[in-house]
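Enquirer: Handing you this structure, nothing more for now.
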Amino acid sequence: MTALRDGGLTVEFNTKNISIVEDRLSVYENELSEIRKLRQATSMTDIMGELGGAANKLFDDYRASFADKPRSQVDDQKLAGICDKLGEIRRQMVEMSWAEDNDMNNRNLDIVTEQLTMFEGEYEAVLRARSTTTTSG
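Per my numbering, residue 176 is the first one in the sequence shown, and the count goes up by one each step.
As structure tokens, then:
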């Protein structure tokens, strides 16, 4: 958009779009700055603990939503979302382990990895069950 403007384009919608993007960029840069300040004020151990707590909430959500339910009747999109979130938590735990060796984080990382592997396997089984139900129904 700016290249078009700099090239001589003076259409109003382009000028407005540039203004909108610049405003949003300013807001996002301010938010990022605040996030960085907060993150710097939080200890690594606290962040590791929060990641473990977030993983536990996902484990609880999994149990509440999928335990003792037929695979063909569960919400596969919800399960995919749990897997995605747990994968992100795992990624952050791995990165934390590079920065600081912490027994709690190492134990939590092992648990999260094991649960994520199981949940992803369950997701595949749910899709197979859906496929079987769809083709036989």
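We treat Cβ as the ideally placed atom computed from N, Cα and C, and that holds for glycine.
Taking buried to mean at least 16 other C-beta atoms within 10 Å of its own C-beta, is residue 265 buried or exposed?
Expert: Buried: at least 16 other Cβ atoms inside 10 Å.
Enquirer: So, with DSSP's three-state summary, where would you put residue 206?
Expert: Residue 206: helix per DSSP, three-state reduction.
Enquirer: DSSP on residue 242, reduced to helix/strand/coil?
Expert: Of the three classes helix, strand and coil, the one that applies to residue 242 here is coil, per DSSP.
Enquirer: Might you give, ordered along the chain, the residues of its own chain that have their beta carbon closer than 6 Å to the beta carbon of residue 237, omitting 5 neighbours on each side?
Expert: Counting only Cβ-Cβ distances below 6 Å, and skipping sequence neighbours, we find 257.
Enquirer: At the level of alpha carbons, what is the spacing between residue 284 and residue 205?
Expert: Rounded to the nearest angstrom, the two C-alpha atoms are 32 Å apart.
Enquirer: DSSP three-state call for residue 249: helix, strand or coil?
Expert: Correct three-state label for residue 249: coil.
Enquirer: In this structure, does DSSP put residue 186 in helix, strand or coil?
Expert: Three-state result, residue 186: coil.
Enquirer: For residue 297, does the three-state DSSP call read helix, strand or coil?
Expert: Looking at residue 297 - three-state DSSP - the assignment turns out to be helix.
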